[in-house]
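Only one structure is covered here, and it is reproduced in the block below.
There are 2 protein chains.
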Amino acid sequence: MKTLENLKNCFRKLQGVGPRQAERFTLHYLRAPEAEVAALIEALLEARKNVKYCTECFNYSEADLCPICADKSRDKSILCVVQEAKDIEALEKTKVFKGVYHVLHGAVSPLEGKNIDNLKVRELLERVQNSPIEIKEIILATNPDSEGEMTALYLADLLRGLVGKISRLGYGVPLGAQLDYIDEMTLTHSLKGRTDL
Amino acid sequence: MKTLENLKNCFRKLQGVGPRQAERFTLHYLRAPEAEVAALIEALLEARKNVKYCTECFNYSEADLCPICADKSRDKSILCVVQEAKDIEALEKTKVFKGVYHVLHGAVSPLEGKNIDNLKVRELLERVQNSPIEIKEIILATNPDSEGEMTALYLADLLRGLVGKISRLGYGVPLGAQLDYIDEMTLTHSLKGRTDL
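One line per chain: the protein sequences are P and U, in this order. Positions 1 to 197 (our numbering) are the ones given, in order, by the first sequence. Positions 1001 to 1197 (our numbering) are the ones given, in order, by the second sequence.
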């Protein structure tokens, strides 16, 4: 049936959604109460209309400034650079970081044809150079994989000289893990970064 | 952000979609081209407007009769009862079955509070009783799990006397499987149902 195929193909565009899941979504929305479909459409349109980038950090925001950048108690001299907006949520849960963020919206990835022109890197440099207060430290919190690593090294090169300190998240064994399941690179890092007791 | 939370909560209603996948879907639709969002909304509305149940077999259909029921070459004296519309697709791929279907839209499940009143069972009985031609056989092709099994036994009770033959899909080892990975119930069935060579 063409109508159902159309809807299924829409869901196939979502990353990680295969033919079976797309079919399940399609049947779900065929059977769902009218109100649920209306709510989805409304939420989609609202999100598209109201959500934009924060003009400072490029996090998603409904206002010009996101709640974090608008918060006067945050320390604007420490910048934490992340790949995706959702990384901010994870870091905020630690309640440890009191600085502000900068969202790159991706990582350098030659395979996917993504270079720094597709990321908010120029904006980061401008932000650092034009900052009204001195930026003391930039934490490069890109993902601990090859793309995130490459992006961090690249940014470190660009930022060197502009800020006093450039740092990277510490590597090591994650809490709750079992040693025999941890890859050797992580273990190497955890040995090098061992702390005194 | 409330707008994004709203959209995320919409996706959480989909079966099997957790918080992370809902978040990925949300970000996907924030970044997607305008045309993709428009296509999704259009496909949703079209599906809701145009797709209804086939009046004979309760498969999804854009016309009063689904393509299978409308096909004059199909044998209407053999009825194959399935739980879900998507099961029809799987059975049609075999190209072996030339009869028609009846979709229950679920299985009896006391745990989920689903009894025969929520299924197209009354419609099945009416269909059998009012059929212009004699129905010779009903194949109960519900799933080979406890709920499908229970549903099949229940239907067999109800249909006994109304049709000449009531059958169930054959159990056994699936092709391409490795014996040591197959559960003992299936193996028991495959031994009982062994065929001469």
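Every residue gets a Cβ at the ideal spot worked out from N, C-alpha and C, and that includes glycine. Since the model is a prediction, treat every value here as computed from it, not as a measurement.
Spatial distance of residue i from residue j (CA atoms)
i	j	result
U:Thr-1151	U:Cys-1080	14 Å
P:Ala-63	P:Arg-122	22 Å
P:Lys-52	P:Asn-59	8 Å
U:Leu-1091	P:Lys-192	59 Å
P:Ala-38	P:Asp-71	35 Å
U:Asn-1050	P:Leu-187	58 Å
U:Ala-1032	U:Leu-1004	15 Å
P:Leu-65	P:Glu-149	29 Å
Member of the options whose CA lies at the smallest distance from the CA of residue i
i	options	result
U:Glu-1042	P:Phe-11, P:Tyr-101, P:Asp-71	P:Phe-11
U:Leu-1119	U:His-1105, U:Leu-1044, U:Glu-1112, U:Ala-1032	U:His-1105
U:Glu-1147	U:Ile-1116, U:Gly-1161, U:Lys-1013	U:Ile-1116
U:Leu-1155	U:Leu-1125, U:Gly-1099, U:Gly-1164, U:Leu-1091	U:Leu-1125
P:Ala-22	U:Pro-1033, U:Ala-1035, U:Leu-1040	U:Leu-1040
P:Gly-161	P:Asn-143, P:Gln-129, P:Thr-188, P:His-189	P:Gln-129
U:Ile-1138	U:Gly-1018, U:Arg-1168, U:Ala-1047	U:Arg-1168
P:His-189	P:Pro-144, P:Lys-165, P:Gly-176	P:Pro-144
Buried or exposed by the 16-neighbour rule on C-beta atoms within 10 Å, applied to residue i
i	result
P:Lys-8	buried
P:Ala-141	buried
P:Glu-84	buried
P:Asp-87	buried
P:Leu-14	buried
P:Tyr-181	exposed
P:Val-103	buried
U:Ser-1073	exposed
P:Thr-26	buried
P:Arg-194	exposed
P:Ile-133	exposed
The alpha helix (DSSP H) enclosing residue i, as first and last residue numbers
i	result
P:Val-37	34 to 50
U:Ile-1116	Counting along the chain, U:Ile-1116 falls outside any alpha helix (DSSP H), and DSSP gives it neither H nor E.
U:Leu-1158	1146 to 1159
U:Ile-1088	1085 to 1093
P:Glu-126	121 to 129
U:Arg-1012	1002 to 1012
P:His-189	184 to 192
P:Leu-30	19 to 31
Boundaries (first-last residue) of the beta strand (DSSP E) holding residue i
i	result
U:Glu-1056	Note, U:Glu-1056: premise wrong, no beta strand (DSSP E); not H, not E.
P:Ile-135	P:Ile-135 -> no beta strand (DSSP E), and no H or E assigned at all.
Within-9 Å CB hit, residue i to chain B
i	result
U:Leu-1045	Within the model displayed, chain B is absent; protein chains P and U are what it includes.
Practice problem: Name, going along the chain, the residues of the region 22 to 36 of chain P whose beta-carbon falls closer than 9 Å to a beta-carbon of chain U. | Solution: Glu-23, Arg-24, Phe-25, Thr-26, Leu-27, His-28, Tyr-29, Leu-30, Arg-31, Ala-32, Glu-34, Glu-36
Quiz item: Going along the region 1048 to 1073 of chain U in order, which residues come within less than 9 Å of chain P, judged by CB to CB distance?
Solution: Across the region 1048 to 1073 of chain U, CB contacts with chain P closer than 9 Å involve Arg-1048, Lys-1049, Asn-1050, Val-1051, Tyr-1060, Ser-1061, Glu-1062, Cys-1066, Pro-1067, in sequence order along the chain.
Exercise. Select from the region 126 to 160 of chain P all residues with a C-beta closer than 9 Å to any C-beta belonging to chain U, and list them in chain order.
Key: From the region 126 to 160 of chain P, no residue has a Cβ closer than 9 Å to chain U.
Exercise. Select from the region 82 to 113 of chain P all residues with a C-beta closer than 9 Å to any C-beta belonging to chain U, and list them in chain order.
Key: Glu-84, Ala-85, Lys-86, Glu-89, His-105
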